[in-house]
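Below you'll find the structure, written out as structure tokens, and then a few comments.
Set out below in structure tokens:
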């Protein structure tokens, strides 16, 4: 129960800070990271809760978060290598 309470408090604080400082700092950082197709007029209401969830989870369970990121990175690396290998074997003519 205490972990859930800490997560909810961290989520609320991070969400409030993201929404309050959206125009000054968060919008610029998100704008640099996202391609044009993922941007919209309502970025504040989509990305602020996403950042708050990730931040609160990183505060409550940092080891789980690091291991998850490592596994995702490993899968992306292996997938990228497989795609490159498959593309080299395909004859386009």
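Numbering (this note's numbering), first residue to last: 222 to 314.
No residue lacks a Cβ here, since even glycine has one placed at the ideal position from N, Cα and C.
Suppose contacts are defined by Cβ-Cβ distances below 8 angstroms. Is residue 277 in contact with residue 231 by that definition?
yes
My guess is that residue 264 and residue 251 are in contact by the Cβ rule of under 8 angstroms, so how many angstroms apart are they, rounded?
6 angstroms
Can you tell me where the alpha helix (DSSP H) with residue 323 in it begins and where it stops?
Only positions 222 to 314 of the chain appear in the structure, and residue 323 is not among them; the question remains open.
Closest to residue 226 by C-alpha separation, out of 303, 296, 280, would be which residue?
280
Can you tell me whether residue 305 is buried or exposed? The criterion is at least 16 other CB atoms within 10 Å of its CB, across all chains shown.
exposed
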